[in-house]
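**Q**
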Amino acid sequence: MQTTYQKLTHLSKEIHTYHSILSLLHWDQETYMPSGATTPRSEQIALLSHLIHEMKVGPTFKRYLSALIDLKNGKVKAKGLKKNEHVALKEWRREFLRATKLPSTFVKEFSELTSQASAVWAEAKKSGNFNLFAPFLEKIVQLNQKKAELYGYDKHPYDALLSSYEPSLSTTHIETIFGRLQTELKNLLIKISNSPSPKTAFLEKEISAEKQWHLGTHLLSKLPMDPIHSRLDRSIHPFSTALHPYDSRITSRILPNRFFSNLSAILHETGHSLYEMGLPVEYFGTPLAEAISLSIHESQSRFWETLIGLSLPFWKFFYPYLQKELPHLKRVPLTSFYRGIHRVQPSLIRVEADEVTYCLHIILRFDLEKRLISGTLKVADLPDAWNQKMKELLGITPSNHSEGCLQDIHWSLGAFGYFPTYALGNLFAAQFFSAFAKENPKWEERVSQGDLLFVREWLREKIHCHGKTYTGEELVKKVTGKPLSEDAYCSYLKKKYNKF
154 MQTTYQKLTH LSKEIHTYHS ILSLLHWDQE TYMPSGATTP RSEQIALLSH LIHEMKVGPT
214 FKRYLSALID LKNGKVKAKG LKKNEHVALK EWRREFLRAT KLPSTFVKEF SELTSQASAV
274 WAEAKKSGNF NLFAPFLEKI VQLNQKKAEL YGYDKHPYDA LLSSYEPSLS TTHIETIFGR
334 LQTELKNLLI KISNSPSPKT AFLEKEISAE KQWHLGTHLL SKLPMDPIHS RLDRSIHPFS
394 TALHPYDSRI TSRILPNRFF SNLSAILHET GHSLYEMGLP VEYFGTPLAE AISLSIHESQ
454 SRFWETLIGL SLPFWKFFYP YLQKELPHLK RVPLTSFYRG IHRVQPSLIR VEADEVTYCL
514 HIILRFDLEK RLISGTLKVA DLPDAWNQKM KELLGITPSN HSEGCLQDIH WSLGAFGYFP
574 TYALGNLFAA QFFSAFAKEN PKWEERVSQG DLLFVREWLR EKIHCHGKTY TGEELVKKVT
634 GKPLSEDAYC SYLKKKYNKF
């Protein structure tokens, strides 16, 4: 006979299985779905989202959960449970209380609106017409404001939205870190701008889609990904979707004269997938097999994309193959290639930004999101506010809305509070990498020989295997001995770019 904890676990696994089906619908929508199927797909997504929400807040889930833990004070009532089961119960309670604050009608309305808005956003971005998207964004902001009120908050309505993506950090805490980070990055950017810019023409040569895909699949084969549990496809925007620790999908995109973008995307999305595939499969469907937060998730993608993928040892290993496949690189020595991929130049587009300027793009979005949610910035004034902040942070101004406030899909999906996790991911990654380098003093030699498995295993042991046992703040302190700060990231950038 099943215990109440086992019954709750079984129900939670059912919910996660439905959620994996929902993720599969989203993956298909971005890869193989016919362009004319948007309406039925939005209905499918809305229906399944509604079903999942009903199961999460339903009487059966509540009955099992409340028998095991006091929903009001969080005290575990059940006897004889293991320590990790206590962790799971507390996280189930947190998620349940948040989910029950959102009425099913609200969840359905939000899902339907954002499904439609993403299609309108794509058209608006293509045409550069902000007015086309503005009415939808207006409604999305209003629903997010309502969501913040439903969730509740102590100091700032943005906290309520942020906690969906990074529950261990507050708006005020992030403001403090980002304030120091902004100062450091702008100072470094001034120093770099006074130095000679590297040649990068070899990175802009047009390469066929077939050749680029061949390069990408070869790169993936050298990374510690399990090929029988993962796959690579093409999409307009690179992304990663995890359906189960045994089923992870990544995508990349092909830009004719930017072959390095494809390689970077594959490294980045592989980092996301390795995290999901490293979660303990025996606990699938419970918080013990879930990623801690989007910040920690992003730390894993940036760990592979930048800290490993932009390191000199990695290119000592992979560059000879690249030279063999791309004849024009035979005339470019490794030192010139390495310097070229580290060109720093303020750019309008976030996803094209270099290591030094990337976080400034996030700080801009963080500031605008806070103001939209607090009501101090109107949607109609967003384009001008965006342009002013770009000028302040990066010294450049968009010439149209497509390269300005329409460039990202996130707001059309209703994902307010998401953007800060990109910059936080960089900070977590750098701090983790500092600990990794200390524990693996010969990492450069091993990576230069193509040995990357030990990197994955270190990350699995230190981060992946814990699921949601710790918060992001707790984990970084456990792994590195220090609370999260911008120090490791800024030190990493200064050490690298001062050499240039």
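The letter at position 286 of the sequence shown is residue 439 when you use this note's numbering, and the numbering goes up by one with no holes. Here a beta-carbon is modelled for each residue, glycine too, at the ideal position from N, C-alpha and C. Here the structure is a predicted model, which means the values were calculated and not measured.
(1) Let me check understanding here. Comparing Cα to Cα, which of Glu422, Phe331, Ser346, Leu255 lies closest to leucine 303?
(2) Tell me the rounded alpha-carbon separation between phenylalanine 569 and glutamate 522.
(3) What are the complete alpha helix (DSSP H) segments, minimum 4 residues, inside the stretch 213 to 258?
(4) Evaluate the contact criterion for the stretch 166 to 176 versus the stretch 428 to 438: three or more CB pairs, one atom per stretch, below 8 angstroms.
(5) What do you get for alanine 241, buried or exposed, if any count of 16 or more other CB atoms within 10 angstroms of its CB means buried?
(6) Determine the closest residue to tyrosine 645 out of Lys630, Leu612, Thr329, Ala588, with distance taken between C-alpha atoms.
(7) Report the option in Gln584, His619, Arg599, Tyr642 whose CA atom is closest to the CA atom of lysine 630.
(8) So alanine 190 packs on glutamate 265, CB below 8 angstroms; how close in whole Å?
(9) At 3 residues or longer, and completely inside the stretch 261 to 330: list those beta strand (DSSP E) runs for me, N to C.
(10) Please determine if the stretch 474 to 490 and the stretch 342 to 355 are in contact, where contact requires at least 3 C-beta pairs separated by less than 8 angstroms.
(11) Which partner residues does histidine 397 have in the DSSP bridge list?
(12) Are there three or more Cβ pairs, one per stretch, closer than 8 angstroms when the stretch 525 to 536 is compared with the stretch 326 to 344?
(13) Please say whether threonine 423 and isoleucine 445 have beta carbons closer to each other than 8 angstroms?
(14) Going by the beta-carbon positions, is the gap between arginine 496 and serine 350 smaller than 8 angstroms?
(15) Determine the closest residue to alanine 220 out of Lys243, Val273, Tyr185, Gln602, with distance taken between C-alpha atoms.
(16) Counting along the chain, where does the beta strand (DSSP E) carrying leucine 385 start and finish?
(17) Spell out the partners DSSP gives serine 405 in its beta bridges.
(18) Between the Cα of tyrosine 571 and the Cα atoms of Ser316, Lys615, Leu224, which residue gives the shortest distance?
(19) Near leucine 420, what residues of its chain come up, given a Cβ to Cβ distance below 6 angstroms and the 5 sequence neighbours on each side ignored?
(20) What does the alpha-carbon distance come out to for the pair serine 388 and lysine 236?
(21) Pull up the distance between the alpha-carbon of threonine 267 and that of serine 176, whole angstroms please.
(22) What's the C-alpha gap between isoleucine 360 and arginine 492?
(23) Starting from the C-beta of alanine 576, find all residues in its chain whose C-beta is less than 6 angstroms away, skip the five residues before and the five after it, and write them out in chain order.
(24) Have a look at Pro499, Met543, Leu559 and flag the residue whose alpha-carbon is nearest the alpha-carbon of serine 346.
(25) Where do the N-terminal and C-terminal ends of the alpha helix (DSSP H) with proline 573 fall, by residue?
**A** Once the coordinates are examined:
(1) Looking at the Cα atoms, Leu255 is the closest of the given residues.
(2) Going from the Cα of phenylalanine 569 to the Cα of glutamate 522 covers about 7 angstroms.
(3) Correct list: 236 to 253.
(4) Output reads yes: the stretch 428 to 438 touches the stretch 166 to 176.
(5) The residue in question, alanine 241, is buried, as its Cβ has 16 or more Cβ neighbours within 10 Å.
(6) Checking every option, the nearest Cα to that of tyrosine 645 belongs to Ala588.
(7) Of the candidates Gln584, His619, Arg599, Tyr642, Gln584 places its Cα closest to the Cα of lysine 630.
(8) Beta-carbon to beta-carbon, alanine 190 and glutamate 265 are separated by about 16 angstroms, too far to satisfy the 8 angstroms threshold.
(9) Qualifying beta strand (DSSP E) stretches: none in this window.
(10) In short, these stretches touch, since the Cβ pair count reaches three.
(11) Looking at the DSSP assignment, histidine 397 forms a beta bridge with Asp400.
(12) Between the stretch 525 to 536 and the stretch 326 to 344 there are fewer than three C-beta pairs closer than 8 angstroms, too few to call the two in contact.
(13) No. Outside cutoff.
(14) Yes. Within cutoff.
(15) Comparing C-alpha distances from alanine 220 to each of Lys243, Val273, Tyr185, Gln602 shows the shortest one belongs to Lys243.
(16) It spans 383 to 387 - the beta strand (DSSP E) in which leucine 385 sits, taken as one unbroken run.
(17) DSSP, once it has assigned bridges, lists Arg387 as partnering serine 405.
(18) Considering only alpha carbons, the answer is Ser316.
(19) Cβ neighbours of leucine 420 within its own chain (closer than 6 angstroms, five residues either side excluded): Trp457, Glu458, Gly462.
(20) Those two C-alpha atoms are separated by around 42 angstroms.
(21) Cα to Cα, threonine 267 sits roughly 15 angstroms from serine 176.
(22) Whole-angstrom Cα-Cα distance: 21 angstroms.
(23) These residues qualify, in order along the chain: Cys512, Ile515.
(24) Nearest in C-alpha terms to serine 346, of all of Pro499, Met543, Leu559, is Pro499.
(25) 573 to 592 is the extent of the alpha helix (DSSP H) around proline 573.
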